[in-house]
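Novice:
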Amino acid sequence: MATYQGRMLDALGDPTRRAVFELLAAGPRSVAEIAADLPVSRPAVSQHLKVLKEAALVSSTAVGTRRVYALDPQGLAAVRGYFDQFWQQALAAFADAVENPPEEEP
146 MATYQGRMLD ALGDPTRRAV FELLAAGPRS VAEIAADLPV SRPAVSQHLK VLKEAALVSS
206 TAVGTRRVYA LDPQGLAAVR GYFDQFWQQA LAAFADAVEN PPEEEP
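In the numbering used here, the protein residues as written are 146 to 251.
1. In the DSSP assignment, find the unbroken beta strand (DSSP E) run with alanine 207 in it and report its ends.
2. Whose C-alpha, out of Ser175, Asp159, Glu249 and Glu244, is nearest the C-alpha of leucine 216?
3. Given a cut-off of 8 angstroms on the beta-carbon distance, is the pair leucine 202 and phenylalanine 228 in contact?
4. Quick check: the stretch 175 to 190 against the stretch 150 to 166, are there 3 or more CB pairs under 8 angstroms?
5. Return the residue from the list Ala200, Gly209, Glu248 and Gln234 that minimises the CA-CA distance to alanine 222.
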């Protein structure tokens, strides 16, 4: 597995970080908005966002005095591409099994 996708998958391996990621799927949010929906502190949310940002899964934008975080479309495309390769392999194996069924034993 490439290092890039490895970092992404490692980042999503933590349940709290995955919850932050899932909250951002609904739309951009500030640290305070994310922390309000989770049983963790703002500093903890900031640390999780830092890891997600380093893994290229989220991006941030300055809005006044706060930062707003959102999912990074390029990072999501890379993760999807990683999983798509397995999906394509599974579909090819299924097609092969349908087209070439094993011979039944008497």
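Glycine residues also receive a C-beta, built at the ideal position from the N, C-alpha and C atoms.
Specialist: Quick look at the numbers:
1. 203 to 208
2. Ser175
3. no
4. yes
5. Ala200
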